[in-house]
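For the sequence shown, my numbering gives the first residue as 165, with consecutive numbering after it.
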Amino acid sequence: MRFEVWAPSAGRGDLVAGGARHPMEPLEGRPGWWGAEVADAGHGTDYAFALDGAEEALPDPRSPWQPHGVHGPSRTYDHDRFAWTDQHWHGRPLAGSVLYEMHVGTFTPEGTFDAAAERLDHLVALGIDAVELLPVAAFPGHHGWGYDGVHLWAPHEPYGGPDGLKRFVDAAHARGLAVVLDVVYNHLGPDGNRLGDYGPYFTSAHATPWGDAVNFDQEGSDEVRAFVVQNALMWLRDYHFDGLRLDAVHAITDHGAVHILEELSRSVAGLSAHLGRHLFLIAESDLNDPRLVTPREAGGYGLDGQWSDDFHHALHAVLTGERQGYYCDFGSMETLRKALTKVFVHDGTMSTYRGRHHGRPVNVQETPAHRFLGFLQNHDQVGNRAAGDRIGTVLESAGISPAMLKVGAAVLLLAPFTPMLFMGEEWGASTPWCYFTDHQDPELARAVSEGRRREFARHGWTGAVPDPQAVETYRASVLDWSEPDRPHHRDLLEWHRALLALRRSRPELNDPRLTGTAVECGDGEARWLLMRRGGVCVAANFGTLPLVLPVPVPVPAPAAARPRLLLASDPAIRLDFDNLGDSVEVSAALPGATVGVFG
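Next up, the structure:
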């Protein structure tokens, strides 16, 4: 079996395997690369590399398997040994899909790939098309969010390792579900990160919140870029993922002529053509820059989608009344109207929170709506709150009717964007989802715990902040699967199912044109919103008082059927008809925090 490693600064390289050291030779035509052959090595062989005669042997930067944790030796893995059953799976395009964000470690009490696979039928019944997994690349300890991964090629062993991940993807495909993986290329975690010992994977030329930046544009960056691109292709090819979500791409600095995101986009498009399978890339970015999803031939990066934080902020602030932090720029019905029709609220406008102008306009005439992901909750927007409280808890604490959850769900799931739910959102999970870690280094563990408390104290938080390192914080974040059977939760779950069924049944609700959505709203005490998408009209009341709204619905011909109530969040909602020639006046009696869908 052949072993190779890139270590351009080393004067000597040794492979440590089978209790022996095997000298490695420089590879001809590949500067900085070392290689060695070991005849009796194969699948399941533990190995490591020692540089310049050092006694310490380090894990492989491209380790496919870390069964002994991030500090232990690597283990070889033969991808061809797994018996896939998804040979007829050709993927699912992002357009028309509904995503579901899942953290494997807290989705079930067991916290494994296999246990998560047993719950996939719940997602099928809900109406989900694609599951998005939070990062699964090996990270320190047993539990954590996954954004401090240090072995980017190795699935986290406590979740089930390489075979467990493949079983999950195979089971999802058998149910018609695509699977997306969250990958982190803007930084690595500090605990167990030894890439810097091998070569210039990082550079001090660019500063980041995590220290030196990943080296995408300085000396030696060609191999670092190849490391990232090949890692992305590995997940899509060897683990059959259908897409990747790229974490915080605004934190990637690359001044090269071809940005690493464009290179990723081009490489994934090539792999998609080779495999004959839909593959897509979704970026998280707070830049409000539509160039991310502008086609490469039009001068963009050619990514398939990007998260829309402005939509989240606009909807959250209207629902909850919160105005702290970045919510200070949101809260009016007008900001929600703009987010629904123009995507970015900050599209070159002044941001009070940032103290400067921010963003760039989206070309709504040409850019498909599905390229922007809308969400009401996600791991960041829940987990980065001091107590990890979900929006239901936020509403309850503010004395706002829980019926507002139905209003938010209707706007989210019937909006023009690709919708995404956060696990448990569909039934209004009462469990928090906190920030939790399991760092093995005592100094790092203490720094994380103290830093979390200081961070929220600076923002004026006076309540308790769960200790990220406490196992109780992790356990409290596990979903309670008995909740969907309780009346209140079951009612909200059925509402989500009904909305997703309606979205699938009406073609105008998957119309790719941003110009196909028209929104009217009322501010002040009359906080209402009318969103029309073709023949479907969503009438929502975000206020506390009953409201009677005239909803004009065009009638194409005298013989056409009158509009009907398609969905109602409350039995009090009704229709009153008044023939007015070519249109029908629809009055919907909407008590506070209710929504009616007409068509």
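Yeah, the Cβ is synthetic: ideal placement off N, Cα and C, and Gly gets one too. Model, not experiment: these values are computed from the prediction.
Pick from E498, L316, C492 and Y465: whose alpha carbon is nearest that of G519? C492
In angstroms, rounded to a whole number, what distance separates the CA positions of D327 and C701? 47 Å
Terminal residues of the continuous alpha helix (DSSP H) containing W659? P651 to S669
Using C-beta distances below 7 Å, list every residue in its chain close to D418, excluding the 5 sequence neighbours before and after it, in chain order. F380, D381 and I424
With DSSP run on the structure shown, which of helix, strand or coil describes L744? Residue placement at L744 is flagged as unreliable, the pLDDT there being 47, under the threshold of 50; a coordinate-derived value is accordingly withheld.
What do you get for E589, buried or exposed, if any count of 16 or more other CB atoms within 10 angstroms of its CB means buried? buried
CB contact flag (R524, Q470, <8 Å): no
Is the number of C-beta pairs between the region 240 to 252 and the region 263 to 278 that are closer than 8 Å three or more? Output reads no: the region 263 to 278 does not touch the region 240 to 252.
Hey, quick one: how far does the beta strand (DSSP E) through A294 stretch, first residue to last? A294 to L297
Does the beta-carbon distance from L345 to V393 come in below 8 Å? Cβ atoms of L345 and V393: not closer than 8 Å.
Can you tell which of G308, E219, P676 and W659 has the C-alpha that lies nearest to the C-alpha of T637? G308
Beta-ladder partner(s) of C685, from DSSP: L693
I'd like to confirm the pairing. Which residues does DSSP put opposite D386 in its beta bridges? According to DSSP, which records beta bridges pairwise, D386 is partnered with nothing at all.
My output table needs one value for V180: the three-state DSSP class, helix, strand or coil. strand
Inter-stretch contact at 8 Å, needing at least 3 Cβ pairs: the region 503 to 511 / the region 651 to 669: Verdict: no, contact absent.
Give the range of the alpha helix (DSSP H) segment to which F277 is assigned. F277 to A281
Hey, quick one: how far does the beta strand (DSSP E) through Q470 stretch, first residue to last? G469 to W471
Exposed or buried, what is L744 when buried is set at 16 or more other beta-carbons lying within 10 Å of its beta-carbon? Below a pLDDT of 50, predicted positions are generally treated as unreliable, and L744, at 47, falls in that range; the measurement from the model is reported next regardless. Per the 10 Å Cβ criterion, exposed.
Which of helix, strand or coil does DSSP assign to P566? coil
Would you check if the region 529 to 548 and the region 470 to 486 touch, i.e. whether three or more CB-CB distances between them fall below 8 Å? yes
Span separating the alpha-carbon of Y465 from that of P195: 30 Å
Considering only the beta carbon of each residue, do D376 and G324 sit closer than 8 Å? Not a contact, by the Cβ cut-off of 8 Å.
Judging by CA-CA distance, which residue of D453, F444, L451 and Q488 is the nearest neighbour of L467? Closest option to L467, Cα to Cα, is F444.
How about P532 and G680: do their beta carbons lie closer than 8 Å? no
What's the C-alpha gap between D312 and A611? 15 Å
If I follow the unbroken alpha helix (DSSP H) through E619, where does it start and stop? Taken as a continuous stretch (DSSP letters only), the alpha helix (DSSP H) holding E619 covers P606 to R622.
Inter-residue CB distance, V234 and D355 (contact presumed, cutoff 8 Å): Yes, V234 and D355 are in contact; Cβ-Cβ is about 7 Å, under 8 Å.
Taking C-beta to C-beta, are A294 and A342 nearer than 8 Å? A contact, by the Cβ cut-off of 8 Å.
Would you check if the distance between the CB atom of P223 and the CB atom of R409 is smaller than 8 Å? no
Who are the Cβ neighbours of N674 in its own chain at under 6 Å, not counting the five residues just before and after it? G260
Which of the three DSSP states is assigned to A628 in this structure? coil
Cβ-based burial, L709 [other Cβ within 10 Å; buried from 16]: Around the beta carbon of L709, fewer than 16 other beta carbons sit within 10 angstroms, so the residue counts as exposed.
Could I get the ranges of all uninterrupted beta strand (DSSP E) runs contained in the region 174 to 237, with 3 residues as the minimum, in chain order? With a minimum length of 3 residues, the unbroken runs of beta strand (DSSP E) contained wholly in the region 174 to 237 fall at 177 to 181, 184 to 187, 197 to 201 and 210 to 215.
Pull up the CB-CB distance for T758 and D740, whole angstroms please, since I reckon it's below 8 Å. Not a contact, Cβ separation roughly 16 Å.
Straight-line Cα distance separating F246 from R331: R331 and F246 have their alpha carbons spaced roughly 9 Å apart.
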